[in-house]
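Trainee: Can you keep this structure in mind? I'll have questions shortly.
Protein chains: 2
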Amino acid sequence: MDIEQTKIPQATAKRLPLYYRFINNLHSQGKLRVSSKELSEAVKVDSATIRRDFSYFGALGKKGYGYNVEHLLSFFRKTLDQDEVTEVALIGVGNLGTAFLNYNFMKNNNTRIKIAFDADQKRVGTEVGGVDVEHIDDLEKKLGNVSVAILTVPSSAAQGMADRLVEAGISAILNFTPARITVPSSVRVHHIDLAVELQALVYFLKHYPLEEAEEE
Amino acid sequence: MDIEQTKIPQATAKRLPLYYRFINNLHSQGKLRVSSKELSEAVKVDSATIRRDFSYFGALGKKGYGYNVEHLLSFFRKTLDQDEVTEVALIGVGNLGTAFLNYNFMKNNNTRIKIAFDADQKRVGTEVGGVDVEHIDDLEKKLGNVSVAILTVPSSAAQGMADRLVEAGISAILNFTPARITVPSSVRVHHIDLAVELQALVYFLKHYPLEEAEEE
DNA sequence: AAGAAGTCGTTAAATGTTTCACATAGTAAG
DNA sequence: CTTACTATGTGAAACATTTAACGACTTCTT
Ligand SMILES: NC(=O)c1ccc[n+]([C@@H]2O[C@H](COP(=O)([O-])OP(=O)(O)OC[C@H]3O[C@@H](n4cnc5c(N)ncnc54)[C@H](O)[C@@H]3O)[C@@H](O)[C@H]2O)c1
Ligand SMILES: NC(=O)c1ccc[n+]([C@@H]2O[C@H](COP(=O)([O-])OP(=O)(O)OC[C@H]3O[C@@H](n4cnc5c(N)ncnc54)[C@H](O)[C@@H]3O)[C@@H](O)[C@H]2O)c1
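As you go down the protein sequences, you meet chains A and B in turn. For the first sequence, full-length UniProt numbering begins at 1 and goes up steadily by one. For the second sequence, full-length UniProt numbering begins at 1 and goes up steadily by one.
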């Protein structure tokens with residue numbers, strides 16, 4: 001299935017959820033049509049880029065009119081598989097893990113943290129944000145067919161846990177630890193390194209001067 | 001100052017903090033030298049890319065030898081301004097904000113959350129992770145000369161707070177809310193949209209098949 | 001001391017992404 | 001129906017980033 005979708009540039013694919021969320025907002029506001037220019041201002045992506053992104057999926061708009069919100073939304077729903085919910089496991093119910101559990105990724109999305117694991121007996125058996133916390137020793141037993149994991153354990157435990165998750169059948173890991181984990185080539189890992197993001201911002205601030213502010 | 005640093009590609013600049021952290025680790029382990037190949041395996045960046053990245057700063061290594069860890073470290077310390085600490089303000093001490101305050105960004109870094117603000121009276125006056133929480137009404141009074149802000153308020157408050165931060169003299173914002181905020185061109189904003197990251201991972205998982213695993 | 005092995009720094013090629021600019025096809029209005 | 005407008009979809013150019021390949025120099029080995 002989805003033979004030709006492989007050709008969609010990764011940069012485009014990363015923007016799709018962003019588009020989806022905004023189109024969803026428009027729809028709940030009762031808006032009927034939208035132009036690439038309007039979208040551009042809202043999501044801060046060049047309008048030509050938006051048109052190009054959409055064009056990979058065919059002609060979604062009408063010349064001289066723009067895009068029909070309803071049509072766009074139902075298209076994205078299909079494309080991003082918004083109908084089926086992807087269940088996610090969270091490993092490490094510490095500061096960051098707790099924040100994620102309390103935040104409801106469901107609000108706009110098709111993802112749901114279904115189960116959480118921790119090594120600390122004090123946390124096991126509790127419920128955080130409506131999600132049960134299980135002991136990490138029960139990982140294999142309780143994981144079910146969940147295929148995506150959010151990793152928020154201490155970095156020293158990251159590689160070990162990654163190995164175990166892979167062994168247990170996980171296909172994708174969202175890794176928040178600073179450790180760059182190694183996994184088989186069949187497993188997808190995205191790293192979100194918050195300390196690096198903050199440092200990079202500071203570096204840009206100091207070394208890449210921006211235009212002077214124009215008073216508005 | 002730093003006239004020619006402007007030429008360093010953004011993609012390279014984003015990787016610098018990552019390199020720095022790993023070189024720091026090597027140094028505390030007492031390692032004396034390292035090759036681009038070793039670095040590559042550790043940080044998961046192609047070795048040619050690492051050599052290219054380093055080369056923007058001149059000849060940091062020696063042919064046939066690799067890089068001297070001590071030398072590399074002291075170079076990065078200078079380049080990334082690791083000597084001076086950049087002070088940061090955090091706006092919105094909720095789930096995510098609390099996690100950031102409890103996490104010590106200082107451990108490896110040159111950034112420190114110095115002060116936090118919230119609108120909720122119940123939080124004001126408390127201390128989270130050693131950082132005082134002030135009332136948002138006192139923002140202008142208490143901000144001092146902090147120039148970087150982490151924004152973790154509800155998305156409905158994001159644009160309003162961004163406007164106020166800019167007015168108060170902030171030059172860079174790390175925005176964790178889903179709202180794409182608008183700021184004057186003199187202010188730098190990085191968006192980290194965790195829900196989008198999770199959805200993008202799921203999209204890649206479903207639409208971009210990876211190679212079959214090879215048993216090791 | 002000479003040859004083998006290793007690794008950088010860089011030139012050039014390949015690949016990926018964004019942006020410009022406009023013909024085109026459709027809308028809107030009289 | 002005709003005219004004026006509007007905003008798409010895309011070819012081509014510009015820009016950015018990654019990767020391959022290798023000459024030059026260093027270190028290591030014998
Ligand atoms: N909190 C932040 O703001 C922040 C920022 C940047 C990076 N990080 C990274 O995110 C990760 C988590 O950070 P945190 O602040 O939530 O840490 P934390 O110490 O608060 O939480 C870690 C949790 O993992 C659990 N744990 C430890 N070993 C485990 C194992 N083998 N299996 C399962 N659970 C285990 C602990 O019991 C604890 O509850 C760390 O790697 C940290 O470097 C956090
Ligand atoms: N928690 C997560 O895992 C997560 C994930 C993705 C995105 N986000 C985004 O991050 C932001 C924060 O999320 P959260 O879960 O921490 O929310 P939260 O509701 O727990 O925290 C928000 C905090 O901001 C404070 N606040 C509200 N208005 C304010 C104002 N005008 N000035 C100062 N403080 C104000 C509130 O009192 C509260 O303490 C939200 O925009 C959310 O969409 C959070």
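For every residue, glycine included, the Cβ atom is placed at its ideal position computed from N, Cα and C.
Within 8 Å (strictly less), CB to CB, does A:A48 reach chain B?
Mentor: The count along the first sequence starts at 1 and reaches residue 48 of chain A at position 48. Not an interface residue.
Trainee: Using three-state DSSP, classify B:D132 as helix, strand or coil.
Mentor: For the purposes of this step, residue 132 of chain B is taken as the residue at position 132 of the second sequence. Note: B:D132 maps to strand in three-state DSSP.
Trainee: Under the three-state reduction of DSSP, which class applies to A:Y19: helix, strand or coil?
Mentor: Here residue 19 of chain A refers to the residue found at position 19 when the first sequence is read from its first residue. In the structure shown, A:Y19 sits in a helix (DSSP, three-state: H, G or I).
Trainee: Look up A:K31 in the DSSP assignment and say whether it is helix, strand or coil.
Mentor: Along the first sequence, read from residue 1 onward, the residue named residue 31 of chain A stands at position 31. Note: A:K31 maps to coil in three-state DSSP.
Trainee: Mind pulling the beta strand (DSSP E) runs of 3 or more residues that sit fully within the segment 53-86 of chain A?
Mentor: Those beta strand (DSSP E) runs which fall completely within the segment 53-86 of chain A and span 3+ residues do not exist here.
Trainee: Quick one: using the 10 Å Cβ neighbour count with 16 as the cut-off for buried, is B:E134 buried or exposed?
Mentor: Against the second sequence, residue 134 of chain B aligns to sequence position 134. B:E134 comes out buried.
Trainee: Assign A:M106 to one of two classes, buried (16 or more other C-beta atoms within 10 Å of its C-beta) or exposed (fewer than that).
Mentor: Residue numbering aside, residue 106 of chain A sits at position 106 when the first sequence is read from its first letter. A:M106 is exposed by the Cβ-count criterion.
Trainee: Is A:D81 close to chain B? Criterion is C-beta to C-beta, closer than 8 Å.
Mentor: The residue you call residue 81 of chain A lines up with position 81 of the first sequence. Chain B contact via Cβ: present.
Trainee: Work out the CA separation of B:G61 and A:P17 for me, nearest whole Å.
Mentor: The residue you call residue 17 of chain A lines up with position 17 of the first sequence. The residue you call residue 61 of chain B lines up with position 61 of the second sequence. Answer to the nearest angstrom: the Cα atoms are 42 Å apart.
Trainee: So, for B:D2: in the same chain, excluding its five sequence neighbours on each side, which residues have a beta-carbon less than 8 Å away from its beta-carbon?
Mentor: Locating residue 2 of chain B in the second sequence gives position 2, counting from the first residue. Confidence is the limiting factor: at B:D2 the pLDDT is only 43, short of 50, which leaves the residue's position unreliable, though a coordinate-based value still follows. Counting only Cβ-Cβ distances below 8 Å, and skipping sequence neighbours, we find nothing.
Trainee: Compare the C-beta of A:H190 with all C-beta atoms of chain B and state if any pair is closer than 8 Å.
Mentor: For the purposes of this step, residue 190 of chain A is taken as the residue at position 190 of the first sequence. It does: the Cβ of A:H190 has a partner Cβ on chain B nearer than 8 Å.
Trainee: Are the beta-carbon atoms of B:G92 and B:T12 separated by less than 8 Å?
Mentor: Locating residue 92 of chain B in the second sequence gives position 92, counting from the first residue. Locating residue 12 of chain B in the second sequence gives position 12, counting from the first residue. No. Outside cutoff.
Trainee: Three Cβ pairs or more, each shorter than 8 Å: is that satisfied between the segment 172-182 of chain B and the segment 195-209 of chain A?
Mentor: Yes, the segment 172-182 of chain B is in contact with the segment 195-209 of chain A.
Trainee: Exposed or buried, which one is B:A162 when buried takes at least 16 other CB atoms within 10 Å?
Mentor: Residue 162 of chain B sits at position 162 when you count from the first residue of the second sequence. Burial call: buried.
Trainee: Could you spell out where the alpha helix (DSSP H) holding B:F204 opens and where it closes?
Mentor: For the purposes of this step, residue 204 of chain B is taken as residue 204 along the second sequence, with counting starting at 1. 194-207 is the span of the alpha helix (DSSP H), which, as asked, contains B:F204.
Trainee: Would you call B:V196 buried or exposed, if buried means 16 or more other Cβ atoms sit within 10 Å of its Cβ?
Mentor: Stepping through the second sequence from its first residue, residue 196 of chain B is reached at position 196. With 16 or more other Cβ atoms within 10 Å, it is buried.
Trainee: A:Y90 to B:V45, Cα distance in whole Å?
Mentor: The sequence position of residue 90 of chain A within the first sequence is 90, counting from 1. The sequence position of residue 45 of chain B within the second sequence is 45, counting from 1. Per the sequence presented here, residue 90 of chain A reads as Leu, with Tyr not at that position. One C-alpha to the other measures close to 26 Å.
Trainee: Determine the closest residue to A:R188 out of B:L205, B:R188, B:T177, B:R180, with distance taken between C-alpha atoms.
Mentor: If you number the first sequence from 1, residue 188 of chain A lands on position 188. Checked all of B:L205, B:R188, B:T177, B:R180; the closest Cα to A:R188 is B:L205.
Trainee: For the alpha helix (DSSP H) that A:A157 lies in, which residues bound it at each end?
Mentor: Against the first sequence, residue 157 of chain A aligns to sequence position 157. That run of the alpha helix (DSSP H) goes 155-167.
Trainee: So residue 226 of chain B contacts chain A; which residues on that side make the cut at Cβ distance below 7 Å?
Mentor: One cannot answer for residue 226 of chain B here, as it falls past the ends of chain B, which runs 1 to 216.
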